[in-house]
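For reference, the structure is listed below as structure tokens.
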Amino acid sequence: MLPEPNYPVSPDQFVGRKTPGEAFTLALQQGLAAGRISSFAVLGDWGIGKSSLLLKFAAIGSDPKYGILPVLMPVSTDYGDYRRFAESLLDGLAEALATASSLTTRLRTEVRNWKLKRVSMGGFTLDREAQRFFLSSGSSLLRHALGEAWKRFFLPAQINGAMFFLDDLDNFATPVAQDVALTLRDQFQWLGVNRMNYSVCFSARSDYFSAIRSFAEPAVRFYTKFYLEPFSAEETNEYAEAAFRTHSEKLHGLSGWLYEKTLRHPYFLAFICRELLACTQGSAPESPEHLWPHVFQQLERNKFRLDLAQVPERELELLQTLAGAQRDEINPRHFIPAFQHAHFARLTAKRLLIRTGRGRYKLYHPLFREFLRQTKWPRATANTRAISAGTRRQACRRVPASLALPTGRSPFPDPIFLDPFPLSIPD
């Protein structure tokens with residue numbers, strides 16, 4: 000397996016996450032026996048492997064013994080309204096049906112011609128090219144079109160059901176993020192009651208349901224939820240074995256080193272393994288610590304500086320301040336009035352901060368914190384010391400005004416360490 004941190008892992012190279020995989024398989028088997036498959040939510044922070052697990056679930060569901068049609072669809076930020084989203088679901092379903100092996104030639108031809116140009120709904124007709132309708136029109140379009148597809152294609156082809164795998168559902172921006180999940184719940188529950196076996200499996204951020212106070216809410220309890228955490232020590236070792244193609248007894252020291260450096264985070268595990276393989280020309284390094292300055296420089300160049308490319312000065316100052324604080328988790332009230340709650344919200348939306356609980360935030364990874372600490376930041380040390388001291392006392396009442404960066408100076412200065420490897424090593 001060649002580690003690639005910027006793309007999901009293909010199902011045939013997937014490692015770890017044994018418990019979610021077994022739970023999904025069991026739920027799938029039970030759902031088929033009951034005639035109604037559960038819906039699922041894969042929740043976790045950035046880089047934790049949500050998309051990879053979603054693809055693995057889709058591969059499990061595509062096993063012919065289940066007779067399930069998987070429909071994979073990344074959720075875009077430019078849908079605009081629920082009707083466009085519903086149309087995308089139906090387009091994805093049509094494409095999946097057209098390639099289903101159980102369809103006869105006649106049915107496959109019908110599917111290819113089934114573009115849902117017009118869907119008749121009790122006295123009036125919706126045209127897909129007509130003016131956009133409200134959310135209820137998108138819901139009606141989806142409900143009636145899925146009902147039509149069930150009768151025309153699923154029953155004749157003896158397909159047991161379909162599962163929509165929606166990656167990054169939180170990309171669909173609505174005034175209340177959970178509205179989409181709640182609407183999908185209403186739609187697919189209605190379909191299940193009417194003996195049409197459709198279900199949903201989506202990925203989203205770990206706090207996707209946080210605005211819903213009680214876990215008894217319908218949108219929450221409808222979905223079987225998998226909250227992804229960093230890898231275990233066993234999974235870290237399994238990943239190292241796959242990446243370096245050698246047995247665990249030869250990787251004992253390296254696995255422990257990776258465990259400490261990455262804190263078991265899948266993205267950083269993949270990134271660091273890739274760089275180590277590039278340095279050693281594909282073999283397991285005997286002393287990875289000697290290669291760490293180069294690996295960290297690559298991480299800075301290809302990840303952390305890109306993270307900060309669109310961050311305004313004020314938010315950059317806040318990140319620097321948090322990196323200098325003694326506590327990993329901080330409360331925004333300790334930084335008022337120097338910074339506002341809106342700064343924390345914007346950095347959370349950019350996935351540079353993680354909201355760990357009510358009034359609690361932290362930088363998204365200790366390696367990012369190390370980068371912020373090691374980098375020379377122009378004219379900010381006095382302000383940082385003042386706020387960090389206030390954080391240690393948990394009584395930061397007033398902080399000196401922030402000093403702007405000098406005109407013409409980049410907010411991303413050179414790191415304090417030098418590259419000990421003058422030779423060019425592929426990224």
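Under numbering that gives the first Met the number 0, residues 0 to 426 are what the sequence shown spells out, in order.
Beta carbons are placed, not taken as given, at the ideal position from N, Cα and C, and that holds for glycine.
Threonine 108 versus Asp90, Leu183, Phe152 and Gly323, residue with shortest Cα-Cα distance: On the sequence shown, position 109 is the one that residue 108 refers to. That would be Phe152, whose Cα lies nearest to the Cα of threonine 108.
As assigned by DSSP and simplified to three states, the class of proline 428: Here the chain covers residues 0 to 426 and nothing more, so residue 428 does not appear.
Paired residues, beta bridge with arginine 354 - DSSP: Walking along the sequence shown from the start, residue 354 turns up at place 355. For arginine 354, which the question treats as bridged, DSSP gives the partners Tyr360.
Tyrosine 6 burial status per 10 Å Cβ neighbour count (16 or more: buried): Locating residue 6 in the sequence shown gives position 7, where the first residue counts as 1. That one is exposed.
According to DSSP, residues forming a beta bridge with lysine 375: Translated into positions along the sequence shown, residue 375 becomes position 376. DSSP lists no partner for lysine 375.
Closest residue to glycine 48 among Thr98, Leu366, Asp167 and Ala283 (Cα-Cα distance): The sequence position of residue 48 within the sequence shown is 49, counting from 1. Selected option, being the one with the closest Cα: Asp167.
Leucine 250 versus alanine 241: straight-line alpha-carbon distance, rounded: Your numbering for residue 250 matches position 251 in the sequence shown. Your numbering for residue 241 matches position 242 in the sequence shown. Cα-Cα distance, rounded: 11 Å.
Exposed unless 16 or more other CB atoms sit within 10 angstroms - verdict on lysine 64: Working through the sequence shown from its first residue, we reach residue 64 at position 65. The residue is exposed, with fewer than 16 neighbouring Cβ atoms inside 10 Å.
Buried or exposed by the 16-neighbour rule on C-beta atoms within 10 Å, applied to glutamine 157: What you label residue 157 is simply residue 158 of the sequence shown in a count that begins at 1. Exposed: under 16 other Cβ atoms inside 10 Å.
Close-in-space but distant-in-sequence residues of the same chain around glutamate 234 (CB under 6 Å, 5 per side omitted): As a working mapping, residue 234 is identified with position 235 in the sequence shown. So the qualifying residues of the chain are Gly15.
Whether alanine 95 touches tryptophan 113 by CB criterion (8 Å): For this step, residue 95 is matched to residue 96 along the sequence shown. For this step, residue 113 is matched to residue 114 along the sequence shown. Going by beta carbons, alanine 95 and tryptophan 113 fall outside the 8 Å limit.
N-terminal and C-terminal residue of the beta strand (DSSP E) that glycine 160 is part of: Counted from its first residue, the sequence shown places residue 160 at position 161. Unbroken beta strand (DSSP E) run through glycine 160: 160–166.
CB of serine 205 within 8 Å of CB of glycine 43, strictly: Walking along the sequence shown from the start, residue 205 turns up at place 206. Walking along the sequence shown from the start, residue 43 turns up at place 44. Their beta carbons are under 8 Å apart, which means serine 205 touches glycine 43 by this criterion.
Opening and closing residue of the alpha helix (DSSP H) in which serine 51 lies: Numbered from its first residue, the sequence shown carries residue 51 at position 52. Residues 49–60.
Cβ distance (whole Å) where phenylalanine 221 is taken to contact arginine 184 below 8 Å: Here residue 221 refers to the residue found at position 222 when the sequence shown is read from its first residue. Here residue 184 refers to the residue found at position 185 when the sequence shown is read from its first residue. At roughly 4 Å, the Cβ-Cβ gap stays under 8 Å, so phenylalanine 221 and arginine 184 are in contact.
Distance between beta carbons of proline 265 and leucine 275, contact taken as under 8 Å: Looking up residue 275 in the sequence shown gives position 276. Looking up residue 265 in the sequence shown gives position 266. Not quite, the Cβ-Cβ distance comes to about 16 Å (not below 8 Å), so this is no contact.
Residue of His289, Ala341 and Lys224 minimising C-alpha distance to serine 38: The residue labelled residue 38 in the question sits at position 39 within the sequence shown. Nearest of His289, Ala341 and Lys224 to serine 38, Cα basis: Lys224.
Residue from Ala203, Leu89, Trp149 and Leu68 whose Cα sits closest to the Cα of leucine 227: Residue numbering aside, residue 227 sits at position 228 when the sequence shown is read from its first letter. Minimum Cα distance to leucine 227 is reached at Ala203.
Span of the alpha helix (DSSP H), counted from its first residue to its last, around isoleucine 271: Working through the sequence shown from its first residue, we reach residue 271 at position 272. Note, isoleucine 271: alpha helix (DSSP H), 265–279.
Backbone CA spacing between tryptophan 256 and leucine 351 [nearest angstrom]: Mapped onto the sequence shown, residue 256 falls at position 257. Mapped onto the sequence shown, residue 351 falls at position 352. Between tryptophan 256 and leucine 351, the C-alpha separation is close to 25 Å.
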